[in-house]
Amino acid sequence: DDSETNLMCGIIGYIGNKNSLPILLEGLKRMEYRGYDSAGVALLSENHLEVIKKQGKLGNLITALNGNNFNSPIGLGHIRWATHGVPSEDNAHPHVDFQHKIAIVHNGIIENMNELKAMLESEGHKFTSQSDSELFAHLIEKYYQPGQLTEAVKKTLSVVRGAYGLGVLSADEPDKIVAARLGSPLVLGIVPEGGYLI
Ligand code: GLU
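In terms of my numbering, the sequence shown opens at residue -8 and continues consecutively.
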């Protein structure tokens, strides 16, 4: 349908037994034509979440990574085509929760952003960007119970109206990426040597 072609941007995720960063960057390179606003990656190594993002083309992110490999078997990547909020480092994905444990990448638009943001702000959540996508990180944090990332994402999706291709990871559950889509394209890949890609 038309909504799929209007929402550009690209998301990628990898979990497996290889180092994720080169795989994520290769994926982002192939999707580079989909977004020039900003690019970023979230990497988990030994339960530590590292998020690196840069405004502008993918090359800016690669320069900022400076040859570091992070040795992380699980990660997410994003290349942005902004719908809410100017192209900037703050608005770039991945977005994280307040505790810096949950990272999300999102392709699409949250239509009931204003009411969800008002609800979260009244509960004390502080936002660091103008991107609608940041809501996902805060909602998942709000609904998170230990060991139940998938359930928190499901609950979040039950209150969000809009379109999404979504990838989520948490430092507390380093053995999984939770992915979902509605109205945005998303493909699950099974890596023959072990692991998964979205
Ligand atoms: N609506 C989100 C944003 O503006 C995602 C845009 C996109 O699909 O790149 O950050």
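In this text, a Cβ means the ideal position worked out from N, Cα and C, and glycines have one as well. Because the structure is a prediction, the values reported are computed rather than measured.
Excluding the five sequence neighbours on either side, which residues of its own chain have a C-beta within less than 6 Å of the C-beta of residue i, listed in chain order?
i    : result
M22  : G1, I70
K48  : Y27
G4   : L67, G158, I168, I189
R172 : G156
What separation, rounded to the nearest whole angstrom, lies between the Cα atoms of residue i and residue j?
i    : j     : result
F118 : S149  : 21 Å
I95  : S124  : 8 Å
D166 : G7    : 9 Å
K133 : K108  : 12 Å
M110 : P183  : 44 Å
L12  : G156  : 20 Å
G68  : N103  : 25 Å
N60  : G138  : 28 Å
N57  : K146  : 38 Å
H116 : Q90   : 11 Å
A83  : A55   : 14 Å
L19  : E142  : 28 Å
S36  : N10   : 10 Å
G76  : N62   : 32 Å
N51  : I14   : 17 Å
R25  : M(-1) : 5 Å
Determine the DSSP secondary structure at residue i, reduced to helix, strand or coil.
i    : result
A33  : strand
E23  : helix
I53  : helix
G47  : coil
S113 : helix
S161 : strand
A83  : coil
E17  : helix
Y134 : helix
V40  : Reading off the sequence shown, one finds Leu at residue 40, where the question assumed Val. Strand, per DSSP.
L179 : coil
A73  : coil
Who are the Cβ neighbours of residue i in its own chain at under 8 Å, not counting the five residues just before and after it?
i    : result
V151 : I101, N103, L107, L126, F127, L130
N273 : Because the chain is modelled from -8 through 189, residue 273 falls outside the range shown and cannot be assessed.
E114 : K133
Can you list, in chain order, the residues of its chain with a C-beta nearer than 7 Å to that of residue i? Leave out the 5 residues immediately preceding and following it.
i    : result
H92  : Per the sequence shown, residue 92 should be read as Lys rather than His. L40, S161, A162, D163.
V42  : G31, A33, P85, V87, A94
I181 : Y187
Which residues mark the beginning and the end of the beta strand (DSSP E) in which residue i is found?
i    : result
A170 : 169 to 173
A94  : 93 to 101
L67  : 65 to 70
G4   : 1 to 6
From which residue to which residue does the alpha helix (DSSP H) around residue i run?
i    : result
T147 : 140 to 150
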